[in-house]
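Trainee: Counted the way my numbering counts, the sequence shown spans residues 111 to 729. A virtual CB, placed ideally from N, CA and C, is assigned to each residue, including glycine. First the structure, which I've put down as structure tokens, then a few questions once you've had a look.
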Amino acid sequence: MTENSDPTGTREMPHGEIDGSAMGRRRFLTRVVASAAAVTAAGSLPVGAGGVSLLGGTAGALDPRFTGKRRVAILGGGCAGLSAAHELVERGFTVDVYERYPVAGGKCRSIPVPGTGTSGRADLPGEHGFRFFPGYYKHVTDTMRRIPYGSNRNGVKDNLVFGDTALFSRNGAPDIPFPYKKLLTLTPADLPQLIEVIVGVLALLPGLSIPEITYFATRVAEFATSCDDRRVKQYDKLDWWTFVRAKEFGPLYQNILTRSLTRNLVAAQAEKASTRTIGLQATRILLANIIFSMYEEASRILNGPTSEVWIDPWMSYLAGKGMRWHPNSEVEGLVVEGGVVTGARIRNGSSVETVTADVFVLAVPVEQARRILDAPLRALDPGFAKLDNLVVDWMTGAQFFLSQRLPIAKGHVTYVDSPWALTSISQGQFWNRDLSRYGNGRVRDILSVDISNWDAKGILYGKTAKQCTKTEIFNEVWAQMKRSLDWGWAIPDSIVVDRFLDPAIKFGPAGTPVDNAEPLLVNTVDSWASRPEAKTRIPNLFLASDYVRHNADLATMEGANEAARRAVNGILDLVGWSGTRASIWDYEEPALFGPLRRNDQTRFNLGLPHVLADTRPYT
Numbered sequence: 111m112t113e114n115s116d117p118t119g120t121r122e123m124p125h126g127e128i129d130g131s132a133m134g135r136r137r138f139l140t141r142v143v144a145s146a147a148a149v150t151a152a153g154s155l156p157v158g159a160g161g162v163s164l165l166g167g168t169a170g171a172l173d174p175r176f177t178g179k180r181r182v183a184i185l186g187g188g189c190a191g192l193s194a195a196h197e198l199v200e201r202g203f204t205v206d207v208y209e210r211y212p213v214a215g216g217k218c219r220s221i222p223v224p225g226t227g228t229s230g231r232a233d234l235p236g237e238h239g240f241r242f243f244p245g246y247y248k249h250v251t252d253t254m255r256r257i258p259y260g261s262n263r264n265g266v267k268d269n270l271v272f273g274d275t276a277l278f279s280r281n282g283a284p285d286i287p288f289p290y291k292k293l294l295t296l297t298p299a300d301l302p303q304l305i306e307v308i309v310g311v312l313a314l315l316p317g318l319s320i321p322e323i324t325y326f327a328t329r330v331a332e333f334a335t336s337c338d339d340r341r342v343k344q345y346d347k348l349d350w351w352t353f354v355r356a357k358e359f360g361p362l363y364q365n366i367l368t369r370s371l372t373r374n375l376v377a378a379q380a381e382k383a384s385t386r387t388i389g390l391q392a393t394r395i396l397l398a399n400i401i402f403s404m405y406e407e408a409s410r411i412l413n414g415p416t417s418e419v420w421i422d423p424w425m426s427y428l429a430g431k432g433m434r435w436h437p438n439s440e441v442e443g444l445v446v447e448g449g450v451v452t453g454a455r456i457r458n459g460s461s462v463e464t465v466t467a468d469v470f471v472l473a474v475p476v477e478q479a480r481r482i483l484d485a486p487l488r489a490l491d492p493g494f495a496k497l498d499n500l501v502v503d504w505m506t507g508a509q510f511f512l513s514q515r516l517p518i519a520k521g522h523v524t525y526v527d528s529p530w531a532l533t534s535i536s537q538g539q540f541w542n543r544d545l546s547r548y549g550n551g552r553v554r555d556i557l558s559v560d561i562s563n564w565d566a567k568g569i570l571y572g573k574t575a576k577q578c579t580k581t582e583i584f585n586e587v588w589a590q591m592k593r594s595l596d597w598g599w600a601i602p603d604s605i606v607v608d609r610f611l612d613p614a615i616k617f618g619p620a621g622t623p624v625d626n627a628e629p630l631l632v633n634t635v636d637s638w639a640s641r642p643e644a645k646t647r648i649p650n651l652f653l654a655s656d657y658v659r660h661n662a663d664l665a666t667m668e669g670a671n672e673a674a675r676r677a678v679n680g681i682l683d684l685v686g687w688s689g690t691r692a693s694i695w696d697y698e699e700p701a702l703f704g705p706l707r708r709n710d711q712t713r714f715n716l717g718l719p720h721v722l723a724d725t726r727p728y729t
């Protein structure tokens, strides 16, 4: 180890990490704070000043062709489509929603397991995957608050209950609980100890060395105190695995801090996901939500099947407000005349009709949008071609219906070493209903599992999930979970009453998967540049889906809801609406980061790296 020439005494460690001692960390961040204070005193630019505009506005000159118009066709009845309908019907617009499935909700809907209900019981409640509402979510929970539900004071929002733990389960090692609850509150006087505090939180994960934790904490602090320009122009062009230099550290650093935290935060692979995306989630959940005690409870989960406690009440409310619902209606294309959309071709069974409206909202996933926004539409808005750059990947859910309670953790479980990148939640502990009312009456718990990696070989058959039959997929998932849990050997296979895999996974003649009808958008490196605004160059066409640019950034229910609100506000501007706009929130970051972020804006404008940056070349 060699001494650095830095007069503060901060020592350079192997791999570029900061000295793990308390004195070294304190001196290091104190230097950062002092640098920021000096720049602030000199009159630095506000955060983002002179930089990129992250999100375009929707206001513009009124188009007389649409002034006062009120008929809107929403193409897609998932979270985004219903969110747009909600904002519009509450303002008296005439709204028709066209959805390809027979039921509403898209990826958010519950999926009854056909034929499992006996003796008058409901079919077992399957899902696309488990639901998770982090504390920073504001848009979708505001909509839920406005959906009446029984005597709930805050409507459907009161159907959210709280988890308090994330569990990291490792093969051959004790499971590691990590508290989701708010750990402490920092004040401005504590800022020089920020990295030390992050280290203290991450030290709850045993087995990691202080230098490893300190290096990772420094990278998190670097992102959290960076300006918006750097986040978009630098970090979005770098994957998270590279940013935290995962390959320079041991397997625990790689699997727990890099891969597992990434999977928990954004359901993506660290090697592919944008540093901007993961850094934003880490800032909002780990720092703002858990450490700085901002936002609402960090882990919120529904207290029953999604459709029962959210989607069905939502549909009843929207119908009562006049929304017209058209199920089994697949969008085949849009009709364009005179530079505007005049109709949408809708297939229902064997028949195709062209429906008309004043304004159209395309609220379908990106893989469908690419097909619908064809050459004639791309000629009117060349930006649509960038949608071809966006990446979707397979991630979907399986449910294991159990004859006894299996509350592995009061929150989410990450199976750190599972080849298929599994995460799960035991739902029975959160649901406020008797599970024996479903299926054959034997079910007492539901273990809902997300399968995130379909291209890695499993432990039973040596095959990827895409090479397995449905039965093999179930067996493999169950075996990977049991092997990972330190008491998994004690879980009897006989408690499994039934199993369910999302029907979006399509199986071919060989009995193996050939398609996923509902893949997930992945925020890969440099993907922000290819994501469109809700407002398009076609005056009466708006986009509302999780791939649209929004503050949430991530492909989530929150992102879909915010995108829908942006589309609605564009419509209100187009038609000359004089009333209130749909509320859109940014996500507050700790105010005491302000001086550091302003300092970084100045450094970025001067072409300098972040003051915390590890400036060695990436390899």
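Determine the burial state of residue 599: buried for a count of at least 16 other Cβ atoms within 10 Å of its Cβ, exposed for fewer.
Mentor: If you draw a 10 Å sphere on the C-beta of residue 599, you find fewer than 16 other C-beta atoms in it, and that means exposed.
Trainee: Please go through the stretch 640 to 706 and give each complete beta strand (DSSP E) segment of 3 or more residues, from N-terminal end onward.
Mentor: Taking only runs of at least 3 residues, the beta strand (DSSP E) segments lying wholly in the stretch 640 to 706 are 651 to 653.
Trainee: Give me whichever residues DSSP pairs with residue 249 in a beta bridge.
Mentor: Bridge partners of residue 249: none, in fact.
Trainee: Considering only DSSP beta bridges, list what residue 196 is partnered with.
Mentor: Residue 196 pairs with nothing; no bridge assigned.
Trainee: Buried or exposed: residue 722, going by 16 or more other Cβ atoms within 10 Å of its Cβ?
Mentor: buried
Trainee: What are the uninterrupted segments assigned as beta strand (DSSP E) that are 3 or more residues long and contained completely in the stretch 202 to 276, given in chain order?
Mentor: 204 to 208, 220 to 222, 235 to 237, 270 to 272
Trainee: Cα-Cα, which of 473, 247, 541, 578 is closest to residue 567?
Mentor: 578
Trainee: Can you look up residue 715 in the DSSP assignment and give me helix, strand or coil?
Mentor: helix
Trainee: Would DSSP call residue 451 helix, strand or coil?
Mentor: strand
Trainee: Taking the C-alpha atoms as reference points, what is the distance between residue 269 and residue 542?
Mentor: 9 Å
Trainee: Assign residue 597 to one of two classes, buried (16 or more other C-beta atoms within 10 Å of its C-beta) or exposed (fewer than that).
Mentor: exposed
Trainee: CA-CA distance, residue 718 and residue 202?
Mentor: Taking the straight line joining both Cα atoms gives about 52 Å.
Trainee: Near residue 224, which residues of its chain fall below 8 Å by C-beta distance, leaving aside the five closest residues on each side in sequence?
Mentor: Counting only Cβ-Cβ distances below 8 Å, and skipping sequence neighbours, we find 233.
Trainee: Suppose the cutoff is 6 Å on Cβ atoms and the five residues either side in sequence are ignored; what does the same chain contact list for residue 669 look like?
Mentor: 656, 660, 662
Trainee: For a quick check, are the C-beta atoms of residue 185 and residue 474 less than 8 Å apart?
Mentor: yes
Trainee: Under 8 Å, do residue 536 and residue 561 count as touching if we go by C-beta distance?
Mentor: No, the Cβ-Cβ distance between residue 536 and residue 561 is not below 8 Å.
Trainee: To which residues does DSSP link residue 357 through a beta bridge?
Mentor: None, per the DSSP bridge assignment.
Trainee: According to the neighbour-count rule (16 or more other Cβ atoms, all chains shown, within 10 Å of its Cβ), is residue 716 buried or exposed?
Mentor: exposed
Trainee: My assumption, with CB atoms under 8 Å, is that residue 210 sits in contact with residue 439. Please give the rounded CB distance.
Mentor: 7 Å
Trainee: State the DSSP-derived secondary structure class of residue 498, mapped to helix, strand or coil.
Mentor: helix
Trainee: Using the three-state DSSP reduction, which class does residue 510 fall into: helix, strand or coil?
Mentor: strand
Trainee: My assumption, with CB atoms under 8 Å, is that residue 182 sits in contact with residue 469. Please give the rounded CB distance.
Mentor: 5 Å
Trainee: Among 340, 311, 337, whose alpha-carbon lies nearest the alpha-carbon of residue 326?
Mentor: 311
Trainee: Closest by CA to residue 530, which one among 418, 552, 570, 545?
Mentor: 570
Trainee: So residue 674 and residue 194 are in contact, right, with Cβ under 8 Å, and what is the actual spacing, rounded?
Mentor: 4 Å
Trainee: Determine the closest residue to residue 215 out of 514, 347, 415, 354, with distance taken between C-alpha atoms.
Mentor: 415
Trainee: Mapping the DSSP letters down to three states, classify residue 419 as helix, strand or coil.
Mentor: Here residue 419 sits in helix by DSSP.
Trainee: How long is the line joining the alpha carbons of residue 684 and residue 650, rounded to whole angstroms?
Mentor: 8 Å
Trainee: Can you check which of these residues, 358, 490, 361, 369, is closest to residue 449 by C-alpha distance?
Mentor: Of the listed residues, the one whose Cα sits closest to residue 449 is 490.
Trainee: How close, in whole Å, do the beta carbons of residue 365 and residue 594 come, if the pair is a contact with beta carbons under 8 Å?
Mentor: Not really, about 11 Å apart at Cβ, beyond 8 Å.
Trainee: Quick one: does the C-beta of residue 604 sit closer than 7 Å to a heavy atom of the ligand MG?
Mentor: Inclusion of the ligand MG in the displayed structure is not the case, the ligand content being empty and no account of it being possible.
Trainee: Do residue 521 and residue 409 have their CB atoms nearer than 8 Å?
Mentor: yes
Trainee: Starting from residue 561, follow its DSSP beta bridges and name the residues at the other end.
Mentor: 506, 532
Trainee: Check each candidate in 263, 586, 614 and name the one with the smallest Cα separation from residue 628.
Mentor: 614
Trainee: Spatial neighbours of residue 677 within its chain, please: C-beta separation below 6 Å, excluding the five flanking residues on both sides.
Mentor: 194, 471, 644, 652, 654
Trainee: Tell me the rounded alpha-carbon separation between residue 588 and residue 284.
Mentor: So the alpha carbons of these two residues sit roughly 19 Å apart.
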